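Undergrad: Numbering (the working numbering), first residue to last: 72 to 755.
Handing you a structure now.
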C-alpha cells in the first residue's frame, strides 16, 4: 500500500483495473508507432528546422517550407506538396510539353534505333499496353493478379495501379472493338474484291465455331489476311454455314466477293450454293458467281494420297519397324547417333516415326531414313538384338537393298505432293499462280509412273490418277481461275497455259479446257471493262456535281451523253479490245526467283487498268483453308481446360484481336506518298 500527498493511503487497484490500464497503454503505444511510421515516411522528403517563427518543414527538392509541430499542421499538407512538387524526380510534369528523358530504344525512320527518347507517365497507355500483352501472348486474365506480376509493376512504375482481371477483360474487349473499327475503315477504302476462306471447329466446350477469314490486296498492292469472325454456329449443315457467312458479310459491309475457298465436305457445297444466290441478289458477283467456289487443294491432295498409303507395300513396313525399334530406347538412339557419326553422314535430319493416318509424316520418315541408310546397316552389326527383334516382327529382319530402292522411289513420288502442299499452305503471299506449276509437275509424274515397269508404283499411280481427274480433270467442273491467274502472270501469259494444258491432258480434254479458258478470260475482261466504264461515268458525273456551279437536270443529261459518246468512240476505234491484246502480245517478264508479281502490277496497272483490276481481284484468292485451321489452333490455346468458361463473344474478341495486332500494320497515306515520290525520282 502507498500513501498520497495528503497522507491518505491509496486503495489497492483491482486486477481488472490493472488490465484495463495496460490495454490503454498498448493502444497508445501502437498509435504512437503508427504516427511515427507515417511521419518517418513523409520526413524522408523534408528537413526540420527550428526557426524564430516556429518549427518549419523544408522540402529537400524545391526548398518550399511549411509550418509543422502544431496539431493543426498534420502530414497531409506535406504529402500534398510531394505529389505536386515539380522537382520531385518521380512526378509527371503538369506541363504537357515537358517529359522525362530516358534511355530506352526508339525506332528511327532510317531503320536504326536511338538511345535517347522521352517518357511521360500515362496510366491509360499502360493499360492499353497491358491488354495488348494479354491478347498477343494468350495470357489468362488472372495473370494480372499474380503476386510476381504486381511486384514487377511496382518496381517498374510504382505510380501505376494494376487493374483487376475484370478490368483487363473489359480493356481487351475494348481493344477488339477499336481494332475492328480500324479494319472496317480499311476494307471500306479498299477498291478491290475480297476472297474468303472458312472452316468449322468444335471446341472443348462442345460449341461449334466457324472461322471466316478475308484475303484482299489493298490500294498499295499489298496482300493481307485478317480474321473477320470466330463465331459460334448452330450446326455444320450447309444452310447454317451459308447463313452465318451472309450475316458476317453484312455486318462488315462486304458484298464484292470474288471467291470462297472451302474444303471438300458436302455441306460446303450447299453453303456455296446459298452464297451464290445471295451474291447474285446483291448484284455484286462476277459472271453470276462462276468462280465463287474454290476447293481446298491441300484437302484434295490429302484425299488422293492418304487412301493409297493405307495399303503400303512391305518395304515401307520394314523401314517403319527399324525406326520404331531404335526410337523405343534412349540407349539405342544414342548408339545409332554414334553410327551416324562413324559413317560420316552429314545431315541434320533425325529419325522420326510416322503417323499412319498422315501421309506427310510417312514421307518425312522415309526421306530421313533414306539419308541414314548406311547408319542402319552399321547399327545392325553392333546391336545383336536388332536382327532378332525384327525377325520376330516380320520374319525378315532389316530392310535389304530392294526395300531401300522401293522406298526411295515412293519417297520421290510423295515429294511432288509434299512440295505442292508446302507452296499452297502459304497465306501471306500469292499462292494461286504457284499452284498451276505444282499441278503440272504432279500430272507429269503420274503420267510417267502409269507407264512404269514398277508394278506397285504403276498401280498406285493409276488409282491416284482416277481421284486426281475427279477434281482437276473435268473441264466443266474445274475452277478456271487456276489457269486465268497464270495468264495474268507477266512471266507466262496465255501461250504458256495453252502449251502446258496440252502436255498434261488428253487431246480432247485439253482442247475443251483451252477453249473454256479463253471464253472465261474474254467474258471476265468484258465484264470488268463495262463495270469500269460505269465507275468512270459515276466519278465524272459526281466530279461535275462537285463544281462551284451545280448542274441542272438538263446539263446532267448532256454530261451523261458526252460520256457515252466517249465510250462509243473508244469501242468504235477498237481501244476497248486493244488493252487485253496488248498485254498478251507484249514480251513476257524475266522469270527469276525474286520476281514480285504484286510489285509488277502495281507499277504497270496504269498501262493496263482493266486487266490490272482483274489481276488485283484474282491474285488474292487462296487455294487452301490452312489459314482457318491455324485460327483453330489459336482458339484451342485460348480455350484450354483452364479457361473453358470463357463466353463465345470473349473468345471471338481474343482470337480476332490477336490476329489483327500480330499482323503487319496497314501503310499510312504518308508512307504511300513517300513511295510514290521515290518512284518519280527513279530511286525504286
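C-beta atoms are modelled at their ideal positions from N, C-alpha and C, and glycine is treated no differently.
Remember, predicted model here, so these are calculated numbers, not experimental data.
#1: Are residue 695 and residue 376 closer than 8 Å when you measure CB to CB?
#2: Can you tell me whether residue 474 is helix, strand or coil according to DSSP?
#3: Among 418, 662, 327 and 256, which has the Cα closest to the Cα of residue 265?
#4: Does the beta-carbon of residue 510 have 16 or more other beta-carbons within 10 angstroms, so that it is buried, or is it exposed?
#5: Given a cut-off of 8 Å on the beta-carbon distance, is the pair residue 258 and residue 331 in contact?
#6: Kindly indicate which residue of 570, 581 and 563 has the alpha-carbon position closest to the one of residue 547.
#7: Checking the sheet assignment: what are the DSSP bridge partners for residue 120?
#8: Buried or exposed: where does residue 570 fall if 16 or more other Cβ atoms within 10 Å of its Cβ makes it buried?
#9: Can you give me the Cβ contacts of residue 358 inside the same chain, cut-off strictly under 8 Å, excluding the 5 residues immediately before and after it?
#10: Confirm, please, whether the CB-CB distance from residue 477 to residue 386 is below 8 Å.
#11: Give every residue of the same chain whose Cβ lies closer than 8 Å to the Cβ of residue 609, excluding the five residues on either side of it in the sequence, and list them in chain order.
#12: For residue 165, count neighbouring C-beta atoms within 10 Å of its own C-beta (all shown protein chains included) and say buried if the count is 16 or more, exposed if not.
#13: At which residues does the alpha helix (DSSP H) containing residue 246 begin and terminate?
#14: Roughly how many whole angstroms lie between the Cα atoms of residue 532 and residue 495?
#15: Would you grab the beta carbon distance between residue 271 and residue 307 for me? Rounded to a whole angstrom, and I think it's under 8 Å.
#16: Suppose the cutoff is 6 Å on Cβ atoms and the five residues either side in sequence are ignored; what does the same chain contact list for residue 309 look like?
#17: First and last residue of the beta strand (DSSP E) that includes residue 663?
#18: Near residue 113, what residues of its chain come up, given a Cβ to Cβ distance below 8 Å and the 5 sequence neighbours on each side ignored?
#19: Of the choices 430, 333 and 352, whose alpha-carbon is the least far from that of residue 281?
#20: Kindly confirm or deny that the segment 426 to 435 and the segment 479 to 487 touch, where touching means at least three C-beta pairs closer than 8 Å.
#21: Compute the Euclidean distance between the alpha carbons of residue 233 and residue 719, then round it to the nearest angstrom.
#22: Below 8 Å, can you find three or more Cβ-Cβ pairs linking the segment 661 to 681 to the segment 239 to 249?
#23: Helix, strand or coil, according to DSSP, for residue 108 in the structure here?
#24: Tell me whether residue 615 sits in a helix, a strand or coil according to DSSP, three-state version.
#25: Quick check: the Cα distance between residue 248 and residue 227, rounded to an integer number of angstroms?
#26: Mind checking which residues open and close the beta strand (DSSP E) that includes residue 299?
#27: Could you give the DSSP three-state label for residue 286: helix, strand or coil?
#28: Residue 135 by DSSP, collapsed to three states: which one?
#29: Helix, strand or coil: how does DSSP classify residue 690 here?
#30: Just mark residue 246 as buried or exposed, buried being the case when its beta carbon has 16 or more other beta carbons within 10 Å.
#31: Counting C-beta neighbours from all protein chains within 10 Å, is the total for residue 370 16 or more, i.e. buried, or is it exposed?
#32: Taking Cβ positions, are residue 454 and residue 390 nearer each other than 8 Å?
#33: Of the residues 379, 405 and 448, which one's Cα is nearest the Cα of residue 429?
#34: Let's see if you can read the secondary structure: which residues bound the alpha helix (DSSP H) around residue 437?
#35: Evaluate residue 653 with the Cβ neighbour count: other Cβ atoms within 10 Å of its Cβ, from every protein chain shown; 16 or more gives buried, anything less gives exposed.
#36: Could you tell me the alpha carbon to alpha carbon distance between residue 768 and residue 512, rounded to whole angstroms?
TA: Per the coordinate set shown:
#1: No, the Cβ-Cβ distance between residue 695 and residue 376 is not below 8 Å.
#2: helix
#3: 327
#4: Flag for residue 510 reads buried.
#5: no
#6: Among 570, 581 and 563, the Cα nearest to that of residue 547 is on 581.
#7: Paired residue(s): 127.
#8: exposed
#9: Only 591, 594, 595 and 598 meet the Cβ criterion.
#10: Residue 477 sits close to residue 386, with the two beta carbons spaced by under 8 Å.
#11: A caution first: residue 609 carries a pLDDT of 43, below 50, which makes its placement in the model too unreliable to give a value.
#12: Note on residue 165: pLDDT 49, under 50, position unreliable in the model; the coordinate value appears next. Classification for residue 165: exposed.
#13: 236 to 260
#14: 22 Å
#15: 5 Å
#16: 338, 341 and 342
#17: No beta strand (DSSP E) contains residue 663, which DSSP labels as neither H nor E.
#18: 146, 149, 150 and 153
#19: 333
#20: yes
#21: 26 Å
#22: no
#23: Low confidence applies here, because residue 108 scores a pLDDT of 45, under 50, leaving its location unreliable; read the following figure in that light. Here residue 108 sits in helix by DSSP.
#24: Caution is warranted here: a pLDDT of 41 is assigned to residue 615, below 50, making its placement in the model unreliable, and the coordinate value is therefore given only provisionally. Three-state DSSP puts residue 615 in a helix.
#25: 29 Å
#26: 294 to 303
#27: strand
#28: coil
#29: coil
#30: Label assigned to residue 246: buried.
#31: buried
#32: no
#33: 379
#34: 430 to 442
#35: Classification of residue 653: exposed, given that the 10 Å Cβ count is below 16.
#36: There is simply no residue 768 to check, as the chain begins at 72 and stops at 755 in what is shown.
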